[in-house]
Each structure stands twice: as C-alpha cells, then as structure tokens.
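These notes are about the structure you will find just below.
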Amino acid sequence: IGNIFSVKFLGSNEIATAAGDCRVLVQSIPGAIAKCPPLLECSCHVNRVKRLATSPIEPTLFWSAAEDGLVIQYDLREQHECSRQSQTKVLVDLSNNFGEVKCIAVNPTKPYYIAVGANDCYIRLYDRRMLKTLTLGQTSQGDFQKSSEREPMDPNCVQYYAAGHLAVENASITNFKLAATYISFNTAGSEMLVNMGGEQIYLFDINNTRHINELQIPQFSSGRRRNPVYKCCCHPEGNGFVSKVRSSDFTEENCACYYMRRAYKCYRRKWTGDLYSAARDYLYVTQVWPDQRQAYIGLVKSLIALKWADEAQRWLEHFCSSHSDYANSPQVRCLHESLESLRASKPPKGKGK
Numbered sequence: 046i047g048n049i050f051s052v053k054f055l056g057s058n059e060i061a062t063a064a065g066d067c068r069v070l071v072q073s074i075p076g077a078i079a080k081c082p083p084l085l086e087c088s089c090h091v092n093r094v095k096r097l098a099t100s101p102i103e104p105t106l107f108w109s110a111a112e113d114g115l116v117i118q119y120d121l122r123e124q125h126e127c128s129r130q131s132q133t134k135v136l137v138d139l140s141n142n143f144g145e146v147k148c149i150a151v152n153p154t155k156p157y158y159i160a161v162g163a164n165d166c167y168i169r170l171y172d173r174r175m176l177k178t179l180t181l182g183q184t185s186q187g188d189f190q191k192s193s194e195r196e197p198m199d200p201n202c203v204q205y206y207a208a209g210h211l212a213v214e215n216a217s218i219t220n221f222k223l224a225a226t227y228i229s230f231n232t233a234g235s236e237m238l239v240n241m242g243g244e245q246i247y248l249f250d251i252n253n254t255r256h257i258n259e260l261q262i263p264q265f266s267s268g269r270r271r272n273p274v275y276k277c278c279c280h281p282e283g284n285g286f287v288s289k290v291r292s293s294d295f296t297e298e299n300c301a302c303y304y305m306r307r308a309y310k311c312y313r314r315k316w317t318g319d320l321y322s323a324a325r326d327y328l329y330v331t332q333v334w335p336d337q338r339q340a341y342i343g344l345v346k347s348l349i350a351l352k353w354a355d356e357a358q359r360w361l362e363h364f365c366s367s368h369s370d371y372a373n374s375p376q377v378r379c380l381h382e383s384l385e386s387l388r389a390s391k392p393p394k395g396k397g398k
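Terminal number for the sequence shown in this note's numbering: 398, no gaps in between.
Structure, rendered in structure tokens:
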C-alpha cells in the first residue's frame, strides 16, 4: 500500500484519493464507514499518482496526474474499467519525453484551463477545449501501458511559463534537476503560483503574458549617441548636497536609480535567482537610459557571475564600442580579466557536462 499523496472532495459526500501504489480511488463517506467497495478504483497509471484536480463547476469531473507522464480524466457519470482501453481517457501525455507529471491545478474561473507541472522548469497551461482525450493502449506482455497514437496537437492549446534564468539553464530536455511540485491559482483565476522544487516560488500573471526581454545587443551604430542627459530624480537640484533617499523615492520606477539600487542589492545578496534579477534590471536601464555606464558594467558582471560567458563577451564588446572613452578604464580591464578566468574554468566543449 502506497502513501496517499492527494485527497479531494467530489461534491459533498464523495472523496477521491491518489497514492503511491499507482491507484486512484473514489468512495462515498457513508460507503467508507460501511466498508463498501469503492465507487471507482483505477489502476491505469503505472507510476505514483501525485496529485488530483477537480472541476469547480462539475463535481463529477476530476483529473489525476502521475509520474508516468499522464494526466487521466474521470467522470463519475461514466463507467470506468481499467481492463477496457476505451474507457480510460488520457488528457495529457508527457511520457514520450520522459516526463513525470508532478502537479496539476484547474483555474477556478476558467475551468477549461488546466495547469500541469512536470520534472522540468516549465508550467504548461492547457486549454482543454482544444484537446482531444486519448484511449490507453496495453501491450501484449501486459507489463506496461502506453497511450494510443494521437493526432498532432494544436500548438495554440498550451502556453509555457518559466522563470527566464531557469529556462536557459534547463534548456536541454535531458536535464531534470528541477521539478514543479505545486501549482495554485488565486480566486480570480488571473495569477498562478508555482513552487519550483529546490529553487523558489514564482507568481505568473496569466492575463498579461509577455515576451522574454532578451539580452540582445541594441541595433545602432557605434559611437556616442545623442540622448538627453539623465538627471536623477532622487537628488534635489541646486543645493550641492546629496539628500537621504526616502522610501517613497526608492519606489520611483521612472528613475534609473531605483533599478540600479535594486540590481546592486540582488547582485550582492546572490540568493537563488538574484543574479538573473540583477541582470534584468541592469538590462532595463541600458534600454531606457542608455548613457548609464554603470548599468552596462553591472550587466556584464551579472552575466559573468551567471557563467554566461558568451553573453558577457558580447555586451562587453558592445560597451567598449559605444563608450570608447571608457574602454581602457580599470573597471573594464577587471571585467576582461574576470571573463578570461571564467572561460579558463569552463571545460572544453565535448568534455564534462
């Protein structure tokens, strides 16, 4: 008998459970007291069943997510027998890429959206209105099961969410060091909270998706640009003194100082994800206030700390080209040395990981 990983109410009297013995059970409370047989007993999964999710508008409808890479759909109004292939409905199949489904959640206001977390850094948000359920096929040996052949999936039926630095570091499909272990929606269904096992917790706004702000070199000719001189809004003009920065000034998002301070603090703290956050803030400053030299310096330092040598090299070359009068400064020489040390510490291509 395996551990019970998930328990859900179906209506007011039925309870569904998912466990490490690969089974999903549904039993009524009176039936459990009377020790009656379960209303549903499913052993279609071939690995641990980690989570269950229920429909907020249809109490008889629920889904199981297991480490065999399958999400199976159940409806108590329909008969279910594991021996009958046609009665098992597979909604999502990640097994072809050695995926293990770790968690699942249904949007409370848009129940056709189902979020699935697996043994990688991506959260998949499916629109089940665009999905066709599959039947579960069984081999002649009977020692494992697989989903039947499926039609190509509509690419618009799923959206992928991931923290930018994790998506880069975890780009290879064979790298399974990360796993999303829990997903939850807020009551409005507009935000998705995700726990990334061994890493951090992330909040995604699913109503305002945005493209990744890539670390691309700006497309303009070398040489100094004629931009307005930046004036810091944190310091009063004309008194010759630097005033203390008030908390209200610290949140002025139209001031480069806000992003520079935040980036510097993240760079110094170096908690998981801090270096990437620092790089993002420095990048934003270079895009909005391109004459802020220290933003380029901070960006390159952050990229070196992230061990992104190629990106750091390109940005350092761009900075030296666009700010030629600063190319031989001590800070730039130090960045060159740090970059050389980083490259020397990396194993040659084809050796090591």
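Heads up, the beta-carbon is just placed ideally off N, CA and C, and yes, glycines get one too. Only a predicted model underlies this, so the values are computations on that prediction, with no experimental measurement involved.
Taking 7 Å as the cut-off, does the CB of Tyr327 come closer than this to any heavy atom belonging to the ligand NAD? As far as ligands go, the structure on display features none, and thus does not contain the ligand NAD.
Should the region 362-379 be regarded as contacting the region 323-330, the criterion being three or more beta carbon pairs within less than 8 Å? As far as the Cβ criterion goes, the region 362-379 does not touch the region 323-330, which means the pair count is below three.
If we ignore side chains and look at the alpha-carbon of each, how far apart do Asp336 and Ala324 end up? As a first step, residue 336 must be located in the sequence shown, where it is residue number 291. As a first step, residue 324 must be located in the sequence shown, where it is residue number 279. Rounded to the nearest angstrom, the two C-alpha atoms are 17 Å apart.
Tyr303 burial status per 10 Å Cβ neighbour count (16 or more: buried): Mapped onto the sequence shown, residue 303 falls at position 258. Tyr303 is buried by the Cβ-count criterion.
Roughly how far, in whole angstroms, is the beta-carbon of Arg93 from the beta-carbon of Ala110, given that I think they are within contact range, below 8 Å? Stepping through the sequence shown from its first residue, residue 93 is reached at position 48. Stepping through the sequence shown from its first residue, residue 110 is reached at position 65. That pair is no contact at about 10 Å.
Using only alpha-carbon positions, find the residue among Ser322, Ala160 and Gln332 that is nearest to Ile251. Here the question's residue 251 lines up with position 206 in the sequence shown. Ranking Ser322, Ala160 and Gln332 by Cα distance to Ile251 puts Ala160 first.
Can you look up Val333 in the DSSP assignment and give me helix, strand or coil? For the purposes of this step, residue 333 is taken as the residue at position 288 of the sequence shown. If DSSP states are grouped into helix, strand and coil, Val333 belongs with the helices.
Give the range of the beta strand (DSSP E) segment to which Ala67 is assigned. Here residue 67 corresponds to residue number 22 of the sequence shown, with the count starting at 1. Here residue 67 is Cys; the residue named in the question, Ala, does not match the sequence. That residue, Cys67, is in no beta strand (DSSP E); it is neither H nor E in DSSP.
Check whether Trp334 and Leu348 have beta carbons under 8 Å apart: Within the sequence shown, the letter at position 289 stands for residue 334. Within the sequence shown, the letter at position 303 stands for residue 348. No, Cβ-Cβ distance for Trp334 and Leu348 is not below 8 Å.
Ala77 to Phe54 span [Cα, whole Å]: Residue 77 sits at position 32 when you count from the first residue of the sequence shown. Residue 54 sits at position 9 when you count from the first residue of the sequence shown. If you take the alpha carbons of Ala77 and Phe54, they lie about 14 Å apart.
Spell out the partners DSSP gives Tyr206 in its beta bridges. Position 161 of the sequence shown, counted from the start, is the residue given in the question as residue 206. Ile168, per the DSSP bridge assignment.
Keeping to the same chain, check which residues put their C-beta closer than 6 Å to that of Ile246; ignore five residues upstream and five downstream. Here residue 246 corresponds to residue number 201 of the sequence shown, with the count starting at 1. Answer for Ile246: Asn240, listed in chain order.
Cβ contact check for the region 166-176 and the region 121-129: 3 or more pairs under 8 Å: no
Where Asn240 falls: helix, strand or coil (DSSP): In the sequence shown, residue 240 corresponds to position 195, counting from 1. Of the three classes helix, strand and coil, the one that applies to Asn240 here is strand, per DSSP.
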